[in-house]
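**Student:** Please read through the structure below; I'll follow up with questions.
2 protein chains.
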Amino acid sequence: MSSPSLSSSTVRPSRALSSIRGSAIRDLLRVTERPDVLSMAGGLPATDLIPSDRIAEAASRVISEASALQYTVSAGVRPLREVVADRDGTHPERVLITHGSQQALFLSAQALLDPGDTVIVDDPVYVGALQVFQSVRAEIVALPITAEGTDVDRLERLLSDGVRPRIVHTVSNFHNPAGVTASARTRRRLAELAADHGFWIIEDDPYGQLRFAGRSMDPIPGDRVIRLGSASKILAPALRVGWLQASPDVVELVELLRQGADLCGSTFAQLMTADLLGDSDFMTAHVSDLRREYARRAAALTGALRTDLGAVCGVEFIEPEGGMFCWLRLPGLDTAILLDHAVRAGVAFVPGAAFAVDAGLGDRLRLSFATLSPDQLTEAVRRLATAVHDLGRG
Amino acid sequence: MSSPSLSSSTVRPSRALSSIRGSAIRDLLRVTERPDVLSMAGGLPATDLIPSDRIAEAASRVISEASALQYTVSAGVRPLREVVADRDGTHPERVLITHGSQQALFLSAQALLDPGDTVIVDDPVYVGALQVFQSVRAEIVALPITAEGTDVDRLERLLSDGVRPRIVHTVSNFHNPAGVTASARTRRRLAELAADHGFWIIEDDPYGQLRFAGRSMDPIPGDRVIRLGSASKILAPALRVGWLQASPDVVELVELLRQGADLCGSTFAQLMTADLLGDSDFMTAHVSDLRREYARRAAALTGALRTDLGAVCGVEFIEPEGGMFCWLRLPGLDTAILLDHAVRAGVAFVPGAAFAVDAGLGDRLRLSFATLSPDQLTEAVRRLATAVHDLGRG
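If you're matching them up, the sequences are chains A and B in order.
Anchor point for the first sequence: position 64 equals 63 in numbering that gives the first Met the number 0, and the numbering is continuous, going up by one each time.
Anchor point for the second sequence: position 32 equals 31 in numbering that gives the first Met the number 0, and the numbering is continuous, going up by one each time.
Okay, structure coming up:
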């Protein structure tokens, strides 16, 4: 994946574009795509777990009708809005289908934010959210994330001090990159504060279905929530199907904005997704397979981290209960420097600094356990331990 | 298609969103979707001419690989960038694949425009472009379009008067809605003025392949052009594949912005499109079929306009040489009022005012000849003549 360098350009970019920090992760992925490198750096779900036969079946069923190849409405095809509403116990009028949940985030920000409006994010942050809020030139305030998700106590103090956010954004389940899940108290408190102070909560939830341990959490309650979901992590990224759930008022605003942004989504991709998500027997079995396999991979990773990496340095992490990522602390190490040694040793990760807003996070790193097999993960951690050992010898 | 009403909303929209005029066309389409109405109002290509068998074949070929279901890079899959570059005699690095050409327009505007920057559009305007430029809160200057496309003489006077546009936008072939094609002189002059004054030309060209009479025009020359193309009108809208051709600098800026907007397009839809566009025997035959059938429909429409409509009122139009639209003037009539009578008579069109920026265009209307058969078009014009007759009797 290539990432442009603004500095080399002779074209004057807009202020909106100049405000965006390029994704260091994308630059990094290019370096680590060498076949001899075991990469835990990516943010992709496992290609080998994509149900390609069932998706091909959906495609052949749907594309036989020429009407599936025509334009559709900006809000998305009705059958998919109904399936999503049904799964989540809401009404189709509260659901808008987007081109991946990233577009839902982008359009929500475009619809609700003016330059200078305050947005509160977690630190570390989902970089795709940071880019969106930067692109509308929002004032970004980052709160160091806690083991219970967004730091609602600190948020409350900010509000008492007169800070007036327009949006609070969090990845509520299996945070990317921090791995944590917002507790019941965090969710309740966020809803109360949003009601009292009139801000919007964007509950970004691409990973919620991928829980393999612990207890499922109810979504953030209340009517100040814009909830984002996605088919990318449970079916396939290339469907480019995400959705936004919100009050019909918000749905209407985003719909108007979408007309200008790209008119509408793909009729056939949306009908395929409705066919897949609406097949509850298939989905139950498939998501259960995903959870089982991600649990196996996570266990292989954390087992190796404790034994192999723990043998050469201090290692701190929270045991993943779902999602795709493990967020590590290696006290006393600079993970940006470690990365050079790691790539030489044949392993890659994303240094914590790539996700930092204000906090340094120089001793953190994100590991994905989604795309490598248990054996590969064990070998990857062995190489990581070698890199740490190398770094220690300078 | 539904169009939201901002006034009923209790949510405060962003200034960007408040600046957008809702599409009157979408409101209208909802009214005219009654099965007893012969609608010439839509902007869709003919569903019956979509090559659905060949597209289904491409889908089954492509979706058999799980890698086609994974994320791809923001600039688009390499094979499609190559096919597009090859067709248009350019380099793949100058091509960026987008989610329909509307997204290319939106991202170009976001990348290059700051609030208050001047953008020059034709009057009547492609409404999707107007929405995009309004959403970045540009200062919009509209030049009444001429039979040779954008009014370059008037543009030159504006430039002499010190107006400094950042972008000049036009639909260069078979303008939507005005039907006209930019002449060689217009194209050359636009390029010269852009070079002299440092603005960008967005050459929006979704219809260029659909020429069924007259002589093909070369694209607007020079290195200040961002050229937009689309698979929607020659293959199928639901592929949601468009593209932008520009200098690598511009491509890089748009690519960075796209990461935040929606990460990337659909791998399989892009690979399907590469398979289709790359099959030059199929494309040659298919586009030739499209041209022949659109020519037949256009001839049926204009024949009926001359005889049936010409019998009840004055009718002025330029004979279409391609594309999907015929732009009519009915001197002395108010087409917004005529529409009520027309829908009662069982026919629909879009009144000129829906496309007007500054000009009134109250005696104009846009007719699409793309989606009705020749017999239906003849009957539609008969009904339109009835409506004109009704209106005359008050």
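We put the beta carbon where it would ideally sit given N, CA and C, even for glycine.
Predicted, not measured: the structure shown is a model, and the values here were computed from it.
Decide yes or no for the touch test of the region 246-265 of chain A against the region 88-102 of chain A: beta carbon pairs closer than 8 Å, at least 3 of them.
**Tutor:** yes
**Student:** Which stretch, first to last residue, makes up the beta strand (DSSP E) that contains arginine 86 of chain B?
**Tutor:** Segment 77-86 is the alpha helix (DSSP H) holding arginine 86 of chain B; no beta strand (DSSP E) there.
**Student:** Need the endpoints of the beta strand (DSSP E) that proline 164 of chain B sits in, please.
**Tutor:** 164-170
**Student:** Helix or strand or just coil, what does DSSP make of serine 229 of chain A?
**Tutor:** strand
**Student:** When the Cα atoms are used, what is the spatial distance from methionine 323 of chain B to leucine 376 of chain B?
**Tutor:** 13 Å
**Student:** For the region 379-388 of chain A against the region 103-114 of chain B, are there 3 or more C-beta pairs whose distance is under 8 Å?
**Tutor:** The region 379-388 of chain A, when compared against the region 103-114 of chain B, does not touch it at the 8 Å Cβ threshold.
**Student:** Excluding the five sequence neighbours on either side, which residues of its own chain have a C-beta within less than 6 Å of the C-beta of glycine 241 of chain B, listed in chain order?
**Tutor:** Thr97, Gly99, Ser100, Ala103 and Ser229
**Student:** For a test of the three-state rule: what should DSSP assign to glutamine 375 of chain B, helix, strand or coil?
**Tutor:** helix
**Student:** Output, in chain order, the set of chain A residues within a Cβ distance shorter than 7 Å of aspartate 307 of chain B.
**Tutor:** Residues of chain A passing the Cβ test: none, with the nearest at roughly 29 Å.
**Student:** Contact criterion: CB-CB distance below 9 Å. Does isoleucine 54 of chain B meet it with respect to chain A?
**Tutor:** yes
**Student:** Could you give the DSSP three-state label for glycine 241 of chain B: helix, strand or coil?
**Tutor:** strand
**Student:** Can you name the start and end residues of the alpha helix (DSSP H) that aspartate 280 of chain A belongs to?
**Tutor:** 279-303
**Student:** Where does phenylalanine 132 of chain A fall in DSSP's three states?
**Tutor:** helix
**Student:** Closer than 9 Å, CB to CB, is glutamate 320 of chain A near chain B or not?
**Tutor:** Put simply, the CB of glutamate 320 of chain A is far from chain B, with every gap to its CB atoms at 9 Å or more.
**Student:** In three-state DSSP terms, what is alanine 347 of chain B?
**Tutor:** It is a strand residue.
**Student:** Taking a Cβ distance cut-off of 7 Å, strictly less, list which residues of the region 86-111 of chain B are near chain A, in chain order.
**Tutor:** Listed in sequence order: His98, Gly99, Gln101, Gln102, Phe105, Gln109, Ala110 and Leu111.
**Student:** Going by beta carbon distance, what residues of the same chain come within less than 6 Å of phenylalanine 316 of chain B, once the five residues before and after it are set aside?
**Tutor:** Cys325 and Leu327
**Student:** Against chain B, with Cβ distances strictly below 9 Å, would glutamate 81 of chain A count as a contact?
**Tutor:** At a cut-off of 9 Å between C-beta atoms, glutamate 81 of chain A does not count as an interface residue with respect to chain B.
**Student:** Expressed to the nearest angstrom, what Euclidean distance is found between the alpha-carbon atoms of leucine 332 of chain B and leucine 48 of chain B?
**Tutor:** 34 Å
**Student:** Straight-line CA distance for valine 162 of chain A to leucine 189 of chain A?
**Tutor:** 15 Å
**Student:** Counting contacts by CB-CB distance shorter than 9 Å, is isoleucine 420 of chain B in contact with chain A?
**Tutor:** Look at the range of chain B in this structure, 0 to 393, and you will see that residue 420 of chain B is not part of it.
**Student:** Name the one or two DSSP bridge partners that isoleucine 19 of chain B has.
**Tutor:** None, per the DSSP bridge assignment.
**Student:** Which residue wins for smallest C-alpha separation from arginine 290 of chain A, given the options A:Lys232, A:Leu275 and A:Ala344?
**Tutor:** A:Lys232
**Student:** Aspartate 121 of chain B versus chain A: which residues are under 8 Å apart at the beta carbon?
**Tutor:** Those do not exist, as aspartate 121 of chain B stays about 18 Å from chain A at its closest Cβ, beyond 8 Å.
**Student:** Put glutamate 64 of chain B into one of helix, strand or coil per three-state DSSP.
**Tutor:** Coil.
**Student:** Could you tell me the alpha carbon to alpha carbon distance between serine 18 of chain A and arginine 296 of chain B, rounded to whole angstroms?
**Tutor:** 49 Å
**Student:** Please report how far the alpha carbon of proline 50 of chain A lies from the alpha carbon of leucine 276 of chain A, in whole angstroms.
**Tutor:** 12 Å
**Student:** Looking only at its chain, what residues have a beta carbon closer than 7 Å to the beta carbon of glycine 345 of chain A, apart from the 5 residues adjacent to it on each side?
**Tutor:** Answer for glycine 345 of chain A: Asp35, Val36, Leu37 and Arg382, listed in chain order.
**Student:** Pull up the CB-CB distance for leucine 255 of chain A and leucine 154 of chain B, whole angstroms please, since I reckon it's below 8 Å.
**Tutor:** Not quite, the Cβ-Cβ distance comes to about 31 Å (not below 8 Å), so this is no contact.
**Student:** Taking only three categories from DSSP, how would you classify phenylalanine 354 of chain B?
**Tutor:** Three-state result, phenylalanine 354 of chain B: helix.
**Student:** Using the C-alpha atoms, what's the distance from glutamate 81 of chain B back to threonine 169 of chain A?
**Tutor:** The alpha-carbon of threonine 169 of chain A is positioned some 39 Å away from that of glutamate 81 of chain B.
**Student:** Give the DSSP-derived three-state secondary structure of phenylalanine 368 of chain A in the structure shown.
**Tutor:** coil
**Student:** Are the CB atoms of serine 171 of chain B and aspartate 204 of chain B within a distance shorter than 9 Å?
**Tutor:** yes
**Student:** Distance, Cα to Cα, serine 2 of chain A vs valine 126 of chain A?
**Tutor:** With a pLDDT of 41 at serine 2 of chain A, under the threshold of 50, the modelled position of this residue cannot be trusted; read the value that follows with caution. Rounded to the nearest whole angstrom, the CA to CA distance from serine 2 of chain A to valine 126 of chain A is 14 Å.
**Student:** List the residues of chain A whose Cβ lies closer than 7 Å to the Cβ of phenylalanine 267 of chain B, in chain order.
**Tutor:** Neighbours of phenylalanine 267 of chain B across chain A, judged by C-beta separation under 7 Å: Ala237.
**Student:** Please name the residue, chosen from A:Ala40, A:Gln258 and A:Ser13, that lies closest to glycine 75 of chain A on a Cα-to-Cα basis.
**Tutor:** A:Gln258
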